[in-house]
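A quick write-up on the structure given underneath.
There are 2 protein chains.
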Amino acid sequence: MRLGGDTGMDAASQFQEQLARYRAMVMPRLLAVVEGREPGRYLYDLIAEHLSRAGKGFRPALCIATAAAFGADPRAAVPSAAALEMLHNAFLIHDDIEDGSEFRRQVPTMHAQNGIPLAVNVGDAMQALALGILRDNIAVVGPRTALAIAYEFDHLLVESIEGQALELGWIRENRCDLSEDDYLEMVLKKTCWYSFIHPCRIGALVAGLHPSSLGRFDRFGLLLGAAFQVQDDVLNLIGDQEKYGKEIGGDLWEGKRTLVLIHLWQHLAPDEREQLVQILGRTRGDRTQDDIDWIYGRFERHGSIAYARRAAADLAIAAAQEFERAYAEAVVGSDRDFVSSLLRQVVERDV
Amino acid sequence: MRLGGDTGMDAASQFQEQLARYRAMVMPRLLAVVEGREPGRYLYDLIAEHLSRAGKGFRPALCIATAAAFGADPRAAVPSAAALEMLHNAFLIHDDIEDGSEFRRQVPTMHAQNGIPLAVNVGDAMQALALGILRDNIAVVGPRTALAIAYEFDHLLVESIEGQALELGWIRENRCDLSEDDYLEMVLKKTCWYSFIHPCRIGALVAGLHPSSLGRFDRFGLLLGAAFQVQDDVLNLIGDQEKYGKEIGGDLWEGKRTLVLIHLWQHLAPDEREQLVQILGRTRGDRTQDDIDWIYGRFERHGSIAYARRAAADLAIAAAQEFERAYAEAVVGSDRDFVSSLLRQVVERDV
Numbered sequence: 474m475r476l477g478g479d480t481g482m483d484a485a486s487q488f489q490e491q492l493a494r495y496r497a498m499v500m501p502r503l504l505a506v507v508e509g510r511e512p513g514r515y516l517y518d519l520i521a522e523h524l525s526r527a528g529k530g531f532r533p534a535l536c537i538a539t540a541a542a543f544g545a546d547p548r549a550a551v552p553s554a555a556a557l558e559m560l561h562n563a564f565l566i567h568d569d570i571e572d573g574s575e576f577r578r579q580v581p582t583m584h585a586q587n588g589i590p591l592a593v594n595v596g597d598a599m600q601a602l603a604l605g606i607l608r609d610n611i612a613v614v615g616p617r618t619a620l621a622i623a624y625e626f627d628h629l630l631v632e633s634i635e636g637q638a639l640e641l642g643w644i645r646e647n648r649c650d651l652s653e654d655d656y657l658e659m660v661l662k663k664t665c666w667y668s669f670i671h672p673c674r675i676g677a678l679v680a681g682l683h684p685s686s687l688g689r690f691d692r693f694g695l696l697l698g699a700a701f702q703v704q705d706d707v708l709n710l711i712g713d714q715e716k717y718g719k720e721i722g723g724d725l726w727e728g729k730r731t732l733v734l735i736h737l738w739q740h741l742a743p744d745e746r747e748q749l750v751q752i753l754g755r756t757r758g759d760r761t762q763d764d765i766d767w768i769y770g771r772f773e774r775h776g777s778i779a780y781a782r783r784a785a786a787d788l789a790i791a792a793a794q795e796f797e798r799a800y801a802e803a804v805v806g807s808d809r810d811f812v813s814s815l816l817r818q819v820v821e822r823d824v
Numbered sequence: 474m475r476l477g478g479d480t481g482m483d484a485a486s487q488f489q490e491q492l493a494r495y496r497a498m499v500m501p502r503l504l505a506v507v508e509g510r511e512p513g514r515y516l517y518d519l520i521a522e523h524l525s526r527a528g529k530g531f532r533p534a535l536c537i538a539t540a541a542a543f544g545a546d547p548r549a550a551v552p553s554a555a556a557l558e559m560l561h562n563a564f565l566i567h568d569d570i571e572d573g574s575e576f577r578r579q580v581p582t583m584h585a586q587n588g589i590p591l592a593v594n595v596g597d598a599m600q601a602l603a604l605g606i607l608r609d610n611i612a613v614v615g616p617r618t619a620l621a622i623a624y625e626f627d628h629l630l631v632e633s634i635e636g637q638a639l640e641l642g643w644i645r646e647n648r649c650d651l652s653e654d655d656y657l658e659m660v661l662k663k664t665c666w667y668s669f670i671h672p673c674r675i676g677a678l679v680a681g682l683h684p685s686s687l688g689r690f691d692r693f694g695l696l697l698g699a700a701f702q703v704q705d706d707v708l709n710l711i712g713d714q715e716k717y718g719k720e721i722g723g724d725l726w727e728g729k730r731t732l733v734l735i736h737l738w739q740h741l742a743p744d745e746r747e748q749l750v751q752i753l754g755r756t757r758g759d760r761t762q763d764d765i766d767w768i769y770g771r772f773e774r775h776g777s778i779a780y781a782r783r784a785a786a787d788l789a790i791a792a793a794q795e796f797e798r799a800y801a802e803a804v805v806g807s808d809r810d811f812v813s814s815l816l817r818q819v820v821e822r823d824v
């Protein structure tokens, strides 16, 4: 007989195995796009290298799992899933330039290694290649569904870029008077659509659901995406660098407007606000360790990190409730289970 | 009675009027994409401002003129033409970042004014918006032709980005031993496809030509594009800054591998080659006016600029011959005349 803890471990390893299976379906399609193409050294080799050390691929997995859970042959979701993963990697490369991030997944970022000019171009290439992969859909799911999926990608691109504009604009103008609603709008645009809502919606389209019925995934993906992003904000501040893969405290050095920072702002006295404005108004290079320590101290005093942790947990619980509604018509089995497990993994952050 | 010179003037002003007419068809569609959208200050206002001082729009004009010359209602080409112009502007913004260019059309470039982070994102947005505009084609020219046009855009993106990778890679690795064939391959990819070949091919698709018959435009566009690029290389070295709109000699400061530079390399003695390698191996900030003057002196001695001028003229003549073949089935009239005039204007550089 097994106790709860062991069952949890089993669920986690089942999740990892399932994730690896989905990933194995997607990677060959991704690498086929770049293999043997010229120019290699300045373009396709850089893409292949980036893809080969890519993350675990939960976005394509969510897409394939949703397609299969609603009755599709999972292989029919591969072009869409591969395009999602390619776009995600394109976003990472441009994001790292925009954020001035030097490391990701323990290795130098694309621009740190190859300079900003080639890195901008590599990101552009990956965005273009993603759209090329998507054309496979015409043969795989037929022209009508292929077009519906293409519209999802149009929306995905615009929302993600608008979210990025908000985040970058707030930093550039040193906006500090932001509300939780501002934050949620930014996260919905920057993260939730492309990482959660669209993978579900596109998977469901592959399974033959009508475009008008896709709204069921929107609230689920919003809540799950917000849980993910808030948890990401927290891990960036207090995570294990080895496991997290990015510089701990990097968001503070970059001046990112996180839920933690917004909570802090709302609890600071006027003179402390003035000091925070000054610290955040400096360029990354001009901020000092003392500045960062000052912010960490205020986080501690006002319980801002603990607040964000609770918010992430609350969002995850709400997402779990929405999951039941969004996937009510899905087939019970390993694919539906995978989406359900994703919820816990996102907040426990094993993905 | 008018003499030859006056007739030439008339042709030129007719060309400008026709160009303005095509532009007037495209601009409202372009601006409609961004009008009133949020976030304005960090994204859509920047795009609107950039578009409103856009160039004369010869790429969309070539697309509409070709469609009309082959019998289409010119309005049916507007979505494709607008998407071409939007993409061109997206390329300009990322190119300026990649080249480190501070001025374009007499005003600071997007990144010089708004920083690299927002500028990378604005370019991404314009690429995404271009693909969104293209979806109009389904209603305007029907799904089959819309799909054929979409494939042209897929190809356009990949070729342009590969060409950019070659140019940037050569600079990054300080490649000097380049041949004219290397240069032509880079120009075909970087310039000819998106600026000339695809606008013609897409216009012809709008007019109902079969995809298998589009090869007729490839050689025409290659020759015209190469003429354009070589002339652009020359104007960058010796043009009128007021008219040219970019910094004169900017290509040398950026280390661009132009036909002029390749000609020079092939005529330098070994010790001079060594010196050129050293100059080009410096970063932009480390090059001096003496370095630039040294190169200009060698250009003069070896007739490299004169050589490129002749090459541009020869390419333009060959393009004119190809025009007769490519447009043999086109309707005689103002649209076909426009394409014919474009040839002369490209090399006289009034566009």
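Protein sequence lines correspond, in order, to chains A and B.
Just add 473 to the spot in the first sequence (first one is 1) and you have my numbering.
Just add 473 to the spot in the second sequence (first one is 1) and you have my numbering.
Here a beta-carbon is modelled for each residue, glycine too, at the ideal position from N, C-alpha and C.
Sequence-distant residues of its chain with Cβ nearer than 6 Å to residue i (five each side left out)
i: Leu-535 of chain B; result: Pro-672
i: Ile-644 of chain A; result: Gly-728
i: Leu-678 of chain A; result: Thr-618, Ala-621, Ile-622
i: Thr-664 of chain A; result: Gly-698, Gln-702
i: Glu-632 of chain B; result: Lys-662, Trp-666
i: Gln-794 of chain A; result: none
i: Leu-560 of chain A; result: Ala-603
Distance between residue j and residue i (C-alpha atoms, nearest Å)
i: Asp-691 of chain A; j: Ile-675 of chain A; result: 12 Å
i: Ala-527 of chain B; j: Leu-516 of chain A; result: 29 Å
i: His-584 of chain A; j: Leu-519 of chain A; result: 11 Å
i: Ile-589 of chain B; j: Val-507 of chain B; result: 21 Å
i: Ala-449 of chain A; j: Gln-600 of chain A; result: Residue 449 of chain A is absent from the model: chain A starts at 474 and stops at 824.
i: Ile-566 of chain B; j: Gln-586 of chain B; result: 11 Å
i: Leu-607 of chain A; j: Phe-626 of chain A; result: 9 Å
i: Ser-668 of chain A; j: Gly-688 of chain A; result: 16 Å
i: Glu-635 of chain B; j: Tyr-624 of chain B; result: 17 Å
i: Ser-777 of chain B; j: Tyr-769 of chain B; result: 9 Å
i: Leu-503 of chain B; j: Glu-821 of chain A; result: 45 Å
i: Asp-706 of chain B; j: Leu-629 of chain A; result: 39 Å
i: Asp-759 of chain A; j: Ile-735 of chain A; result: 22 Å
i: Arg-496 of chain A; j: Ala-505 of chain A; result: 14 Å
i: Phe-488 of chain A; j: Leu-710 of chain A; result: 27 Å
i: Val-804 of chain A; j: Leu-657 of chain B; result: 57 Å
C-beta atoms of residue i and residue j nearer than 8 Å
i: Glu-571 of chain A; j: Thr-582 of chain A; result: no
i: Pro-684 of chain A; j: Asn-610 of chain A; result: no
i: Arg-514 of chain A; j: Gly-754 of chain B; result: no
i: Leu-661 of chain A; j: Leu-695 of chain A; result: yes
i: Leu-737 of chain A; j: Arg-782 of chain A; result: no
i: Ile-765 of chain A; j: Leu-725 of chain A; result: yes
i: Arg-809 of chain A; j: Ala-542 of chain A; result: yes
i: Leu-788 of chain A; j: Ala-700 of chain A; result: yes
i: Phe-693 of chain B; j: Ala-598 of chain B; result: no
i: Asn-562 of chain A; j: Leu-524 of chain A; result: yes
i: Gln-704 of chain B; j: Ala-785 of chain B; result: yes
i: Val-750 of chain B; j: Asn-647 of chain B; result: yes
i: Phe-811 of chain A; j: Ala-538 of chain A; result: yes
i: Gly-573 of chain B; j: Arg-757 of chain B; result: yes
i: Gln-491 of chain B; j: Ser-807 of chain B; result: yes
Own chain residues within Cβ distance below 7 Å of residue i, not counting five before or after
i: Val-613 of chain B; result: Ala-549, Pro-552
i: Val-499 of chain B; result: Gly-530, Pro-533, Val-551, Ala-554, Ala-555, Glu-558
i: Ala-484 of chain A; result: Ser-814
i: Asp-569 of chain B; result: Arg-577, Thr-582, Met-583, His-584
Backbone secondary structure at residue i - three-state DSSP
i: Phe-693 of chain B; result: helix
i: Phe-576 of chain A; result: strand
i: Pro-581 of chain B; result: strand
i: Ser-813 of chain B; result: helix
i: Asn-647 of chain A; result: coil
i: Pro-512 of chain B; result: coil
i: Gly-544 of chain B; result: coil
i: Ser-652 of chain B; result: coil
i: Ile-634 of chain B; result: helix
Nonlocal neighbours in the same chain, by C-beta distance under 8 Å from residue i, ignoring five residues either side
i: Gln-748 of chain A; result: Trp-767
i: Glu-511 of chain A; result: Tyr-517
Task: the stretch 584-597 of chain A / the stretch 714-733 of chain A touching (three or more Cβ pairs under 8 Å) - done: Taking one beta carbon from each stretch, the stretch 584-597 of chain A and the stretch 714-733 of chain A have fewer than 3 pairs nearer than 8 Å; the two do not touch.
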